[in-house]
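Trainee:
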Amino acid sequence: MNKFFNYTDVKELIPKKPHTANKYDFGNILLIGGEPGFDGAIMLSAESASKSGAGIINIFSLSGNVQNILEKRPEYMVLSKVDDLKRLIEKKITIIAGPGTSNYSKLNEILEIIHNDETNLILDAACIEIIKSNKFNNLPIITPHEGEAAKLLEINVEEISNKREYYAQKISDKFSVITVLKGYETIITDGNKIYICKDGDSSLAFAGSGDILAGLIGSFLAQGAKRIDSCLLGVSLHAYSATNSKLKRGLTANELIDLIRKNLNQ
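Note that the sequence shown covers residues 0 to 265 in this note's numbering.
So, in structure tokens, the structure goes:
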């Protein structure tokens, strides 16, 4: 595939859904996040994963606000006890850790639990920091914006902005991860190949956009797509749906999720 791509180039990578499939065939996802005051972020990731085809959604709520989540989405399994989290991670599962988190130091106990080489792992927001002190063998996916990328490498944001491809690749090489460097022309790299999405514009510049992307990548990964393919699909469908909304201003998170589902089913 070419270095530059859009949704049309990769839509054939969408996992097929046989008529005989059941919910377990299409992914068991665990989302960890939603600190007090940030419950909305983990809900957006969950909605994105669910409406793009994931079979089972589990949420470990850091705020413990179980009832509020269940009132909105009774079909989700919601956990708030660490022991429940341990039992769930023993199963084959895709983990999205980070939506709605801002403080890595408060997450140490939980992040130690998810250090499991058998799981598919997407790290977002504060949870991206785990790769600085832990080595994974299963090539986690991280989804930093430029500020988070600069923090990982301990350099200025301006340096990232000026050499996005170089530093995205450097992060992947240094930490053994797949990097999805968000921003205009989002970059995906495993340290070897680099892909740049040509879809997307400033209509994606709103709170919750990154949470939706994390859920989307996790959904495709849980459904059986390869790691890189999940990133290509998630990034391009997310961007394509925003661009084709024709809304330069005022696109909201829930509107984008519904557009993603519509485009996915066309």
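C-beta atoms are modelled at their ideal positions from N, C-alpha and C, and glycine is treated no differently. All of these numbers come straight from a predicted model, not from anything done at the bench.
#1: State the Cα-Cα distance for the pair Phe4 and Glu111, rounded to the nearest angstrom.
#2: The beta strand (DSSP E) spanning Gly32 covers which residue range?
#3: What did DSSP end up calling Val176 once you bin it into helix, strand or coil?
#4: On the DSSP bridge assignment, give the partners of Met76 in chain order.
#5: Measuring alpha carbon to alpha carbon, tell me which of Leu220, Phe205, Glu70 and Ser104 ends up nearest Ile177.
#6: Just the Cα atoms here: how many angstroms apart are Ala92 and Ile256?
#7: Please look up how many angstroms separate the CB atoms of Met76 and Asn57, rounded, as I've assumed it's under 8 Å.
#8: Are the beta-carbon atoms belonging to Lys181 and Gly209 less than 8 Å from one another?
#9: Based on Cα-Cα distance, which residue from Ile109, Gly99, Tyr103 and Ile68 lies nearest to Leu87?
#10: CB Leu122 to CB Ala96, shorter than 8 Å?
#11: Looking at the unbroken alpha helix (DSSP H) that takes in Asn119, where does it start and where does it end?
#12: If contacts are defined as beta-carbon pairs under 8 Å, then Gly33 and Leu61 qualify, I think. What distance do you get, rounded to the angstrom?
#13: Quick check: Arg260 and Lys50, are their CB atoms within less than 8 Å of each other?
#14: Pull the bridge partners of Tyr194 from the DSSP assignment, please.
#15: Is Ile159 helix, strand or coil when you go by DSSP?
#16: How many Å lie between Asp24 and Glu158 at the Cα?
#17: Just to confirm the assignment, what range does the alpha helix (DSSP H) spanning Ile92 have?
#18: Per the DSSP calculation, Ile141 is bridged to which residue(s)?
#19: Is the beta carbon of Leu258 sitting closer than 8 Å to the one on Ser235?
#20: Leaving aside the five residues before and after Ala53 along the sequence, list all residues of the same chain whose C-beta is less than 6 Å from its C-beta, in chain order.
#21: How many whole angstroms separate the CB atoms of Val179 and Thr142, which I take to be in contact at a CB cut-off of 8 Å?
#22: So, under 8 Å CB-CB, Leu120 and Phe135 are touching, yes? Tell me the CB distance rounded to an integer number of Å.
#23: Could you name the residues of the same chain whose beta carbon sits closer than 8 Å to that of Ser101, not counting the 5 residues immediately before and after it, in chain order?
#24: Just to check my reading of the structure: Asn253 and Tyr239 have Cβ atoms closer than 8 Å, yes? What is that Cβ distance to the nearest angstrom?
Mentor: In brief:
#1: Within the sequence shown, numbered from 1, the residue matching residue 4 stands at position 5. Within the sequence shown, numbered from 1, the residue matching residue 111 stands at position 112. Cα to Cα, the separation comes out at about 36 Å.
#2: On the sequence shown, residue 32 is found 33 positions in, with the first residue counted as 1. Unbroken beta strand (DSSP E) run through Gly32: Asn27 to Gly32.
#3: Walking along the sequence shown from the start, residue 176 turns up at place 177. DSSP, read as helix, strand or coil, puts Val176 in coil.
#4: Locating residue 76 in the sequence shown gives position 77, where the first residue counts as 1. According to DSSP, which records beta bridges pairwise, Met76 is partnered with Asn57.
#5: Taking the sequence shown and counting its residues from 1, one reaches residue 177 at position 178. Ranking Leu220, Phe205, Glu70 and Ser104 by Cα distance to Ile177 puts Leu220 first.
#6: Locating residue 92 in the sequence shown gives position 93, where the first residue counts as 1. Locating residue 256 in the sequence shown gives position 257, where the first residue counts as 1. Here residue 92 turns out to be Ile, not Ala, going by the sequence shown. About 23 Å.
#7: Here residue 76 is taken as the residue at index 77 of the sequence shown, counted from 1. Here residue 57 is taken as the residue at index 58 of the sequence shown, counted from 1. Yes, Met76 and Asn57 are in contact; Cβ-Cβ is about 4 Å, under 8 Å.
#8: Position 182 of the sequence shown, counting from 1, holds the residue named residue 181. Position 210 of the sequence shown, counting from 1, holds the residue named residue 209. Against a cut-off of 8 Å, the Cβ pair of Gly209 and Lys181 comes out as a contact.
#9: Counted from its first residue, the sequence shown places residue 87 at position 88. Per the Cα distances, Ile109.
#10: Position 123 of the sequence shown, counted from the first residue, corresponds to residue 122. Position 97 of the sequence shown, counted from the first residue, corresponds to residue 96. In this structure, Ala96 lies closer than 8 Å to Leu122 by Cβ.
#11: Translated into positions along the sequence shown, residue 119 becomes position 120. In the DSSP annotation of this structure, Asn119 is not part of any alpha helix (DSSP H); the continuous beta strand (DSSP E) holding it starts and ends at Asn119 to Leu122.
#12: Indexing the sequence shown from 1 puts residue 33 at position 34. Indexing the sequence shown from 1 puts residue 61 at position 62. Correct: roughly 5 Å between the Cβ atoms.
#13: Position 261 of the sequence shown, counting from 1, holds the residue named residue 260. Position 51 of the sequence shown, counting from 1, holds the residue named residue 50. Taking 8 Å as the cut-off, the Cβ atoms of Arg260 and Lys50 count as close.
#14: The sequence position of residue 194 within the sequence shown is 195, counting from 1. DSSP output for Tyr194 lists Ile187 as bridge partner(s).
#15: Here residue 159 corresponds to residue number 160 of the sequence shown, with the count starting at 1. Note: Ile159 maps to helix in three-state DSSP.
#16: Looking up residue 24 in the sequence shown gives position 25. Looking up residue 158 in the sequence shown gives position 159. The alpha-carbon atoms of Asp24 and Glu158 are separated by roughly 43 Å.
#17: Residue numbering aside, residue 92 sits at position 93 when the sequence shown is read from its first letter. Here Ile92 belongs to no alpha helix (DSSP H), and DSSP marks it neither H nor E.
#18: As a working note, residue 141 is residue 142 in the sequence shown. Per DSSP, Leu122 and Thr178.
#19: Counting from 1 along the sequence shown, the entry for residue 258 is found at position 259. Counting from 1 along the sequence shown, the entry for residue 235 is found at position 236. Ser235 is positioned such that its CB atom lies no closer than 8 Å to that of Leu258.
#20: Within the sequence shown, residue 53 is the residue found at index 54, counting from 1. Counting only Cβ-Cβ distances below 6 Å, and skipping sequence neighbours, we find Gly26, Ile28, Ser218 and Ala221.
#21: Here residue 179 corresponds to residue number 180 of the sequence shown, with the count starting at 1. Here residue 142 corresponds to residue number 143 of the sequence shown, with the count starting at 1. Yes, Val179 and Thr142 are in contact; Cβ-Cβ is about 5 Å, under 8 Å.
#22: Start at 1 with the first residue of the sequence shown, and residue 120 comes out as number 121. Start at 1 with the first residue of the sequence shown, and residue 135 comes out as number 136. Sure, about 7 Å apart at Cβ, within 8 Å.
#23: Position 102 of the sequence shown, counting from 1, holds the residue named residue 101. So the qualifying residues of the chain are Glu34, Phe37, Ala124 and Ala125.
#24: As a first step, residue 253 is located in the sequence shown; it is residue number 254 there, counting from the start. As a first step, residue 239 is located in the sequence shown; it is residue number 240 there, counting from the start. That pair is no contact at about 18 Å.
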